[in-house]
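Residue numbers (the working numbering), protein chains in the order written: chain H, 37 to 149; chain G, 1143 to 1258.
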Amino acid sequence: AQSVAQPEDQVNVAEGNPLTVKCTYSVSGNPYLFWYVQYPNRGLQFLLKYITGDNLVKGSYGFEAEFNKSQTSFHLKKPSALVSDSALYFCAVRVVKGGKLIFGQGTELSVKP
Amino acid sequence: GAGVSQSPSNKVTEKGKDVELRCDPISGHTALYWYRQSLGQGLEFLIYFQGNSAPDKSGLPSDRFSAERTGGSVSTLTIQRTQQEDSAVYLCASSLVAGPATDTQYFGPGTRLTVL
C-alpha cells in the first residue's frame, strides 16, 4: 500500500530563516509526489511535483523540494521564510492507476516576524 | 482562467436530511476527484471520474454516499440520511486527464458541511 508521512505536526520558523517541511513516502514502483498548501478556509493550492528527472524541483512562491530515493523523502524547502508562508502544508503521493492522491496528515507552518 | 468552483460554500443540515454538493471543474478537464477533509481523518479520497464514468469509488464511506457526473463536466456528490460524522469539508479537484506524467489536480475552495 502507498502512504505518506509528515512527521511534524507543526514547524516554527523566524522570518528570513530557511524552512524545511518533511515528508517521507512508501510506494511500490516509481513515486509521483506533490506538495500542496492550504490557507485558512481555502482549498488546496498546488506548489510543485516530482514525476521524474532532477531531484531538486522548483515550484511556486520560491518553494523547492528535494527528492531523495534512498531515504524515500521529499522535503519541502525555502531559503528565506515569509510571514505570509504561514499555512498548512500537505505532501501527497499519486496512485498510478486512476491517479487519486494519498495525503500526509499535514504540517502547520508558522513563520514569526 | 476560472478555477474549480464548488457550491454551496457552507451547508448546515439536520441529521437525517439529504444534501447535494456541486462541483464545476476547470473547462476542458476530463478527470474529476472528490476528497473529504475532516479533523479526525485528514484528507481522504472519495471517488474519481474520467469523463462521466467512475472507475474508482473505493473511498465512498457508505452506500449513503453517491456521485454522478454529467456531460463530462459538472459533478454532484449526494449524501443521503446525513449523520454527524459526515461533517467535514468536501473538496473537489480536476485535472486534464488521469495520467501520472501530466496530471496535476487543481482544487476548489470546498464545501463545509455541518450536520447538526
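Beta carbons: idealized from backbone N, C-alpha and C, even for Gly.
Treat the numbers as computed from the prediction; the structure is a model and nothing was measured.
Can you tell which of the options has the C-alpha that lies nearest to the C-alpha of residue i?
i	options	result
G:G1193	G:S1204, G:S1217, G:R1206, G:S1180	G:S1217
H:E44	H:K58, H:P54, H:Q38, H:Y72	H:K58
G:S1204	G:A1144, G:D1166, G:E1227, G:S1237	G:E1227
H:Q81	H:T88, H:G89, H:D90, H:W71	H:W71
G:A1173	G:I1221, G:G1250, G:S1215, G:V1257	G:S1215
G:S1229	G:P1167, G:D1160, G:Y1190, G:A1209	G:D1160
G:Y1237	G:G1184, G:D1166, G:E1162	One detail in the question is off: residue 1237 of chain G reads as Ser in this sequence, not Tyr. The shortest C-alpha separation from G:S1237 is found at G:D1166.
G:A1196	G:D1245, G:T1212, G:G1182	G:T1212
H:I87	H:G65, H:A37, H:L124	H:G65
H:G95	H:L83, H:K113, H:S106	H:L83
H:L112	H:K105, H:T60, H:A101	H:A101
G:L1258	G:Q1148, G:A1209, G:E1156	G:E1156
G:A1235	G:G1182, G:G1184, G:Y1190, G:Q1183	G:Y1190
G:I1168	G:L1181, G:S1180, G:A1144, G:Q1179	G:A1144
G:R1164	G:E1210, G:Q1183, G:Y1248	G:E1210
H:N91	H:T108, H:I138, H:A37, H:P149	H:T108
Throw me the rounded Cβ distance for the residue i and residue j pair, which I believe falls under 8 Å.
i	j	result
H:G150	H:Q42	Missing from the structure shown is residue 150 of chain H; chain H here goes from 37 to 149 and no further.
H:F103	H:L69	7 Å
G:Y1177	G:E1186	6 Å
G:G1250	G:V1154	Between G:V1154 and G:G1250 the Cβ distance is about 19 Å, and since that is not below 8 Å, they are no contact.
H:K85	H:V93	7 Å
G:T1224	G:G1158	7 Å
H:K114	H:L55	5 Å
H:P67	H:V129	6 Å
Here's a check: name, in chain order, each residue in its chain whose Cβ is nearer than 6 Å to the Cβ of residue i, leaving out the five neighbours to either side.
i	result
G:N1152	R1254
G:E1162	T1218, T1220
H:S39	S62
H:G142	L124, F126
H:N48	S146
G:D1198	Y1190
Would DSSP call residue i helix, strand or coil?
i	result
G:G1213	coil
G:Q1226	helix
G:V1257	strand
H:S106	coil
H:Y68	coil
H:Y61	strand
H:V147	strand
H:G98	helix
H:S39	strand
Which chain H residues are close to residue i, counting only those with a beta carbon under 7 Å from its beta carbon?
i	result
G:Q1226	Per Cβ cutoff of 7 Å: no residues; G:Q1226 is ~21 Å from chain H at best.
G:G1252	G79
G:D1198	G134, K136
Short of 7 Å in beta carbon distance, which residues of its chain neighbour residue i, apart from the five on each side in sequence? Order them along the chain.
i	result
G:P1150	T1253
Between residue i and the rest of its own chain, which residues show a CB-CB distance below 8 Å, the 5 nearest in sequence each way excluded?
i	result
H:L118	E51, V147
G:D1245	A1173, S1237, L1238, V1239
In chain H, what lies closer than 8 Å to residue i by C-beta?
i	result
G:A1173	G135
G:L1233	G79, L80
G:F1191	The premise fails here: G:F1191 is roughly 10 Å from chain H at the closest Cβ pair, so nothing lies under 8 Å.
Counting only Cβ pairs nearer than 9 Å, list the residues of chain H close to residue i.
i	result
G:G1184	F126, F139, G140, Q141, G142
G:F1207	In chain order: nothing, as chain H lies at least about 15 Å away.
Whose Cβ in chain G lies nearer than 7 Å to the Cβ of residue i?
i	result
H:G98	Simply none; closest approach about 19 Å.
H:L82	The amino acid occupying residue 82 of chain H in the given sequence is Phe; Leu does not appear at that position. By Cβ distance, chain G contributes T1246, Y1248.
H:K148	Those do not exist, as H:K148 stays about 25 Å from chain G at its closest Cβ, beyond 7 Å.
So is residue i in contact with chain A if we call contact Cβ pairs under 8 Å?
i	result
G:D1160	Looking at the structure shown, chain A is missing, and the protein chains on hand are H and G.
Which chain G residues are close to residue i, counting only those with a beta carbon under 8 Å from its beta carbon?
i	result
H:K85	T1246
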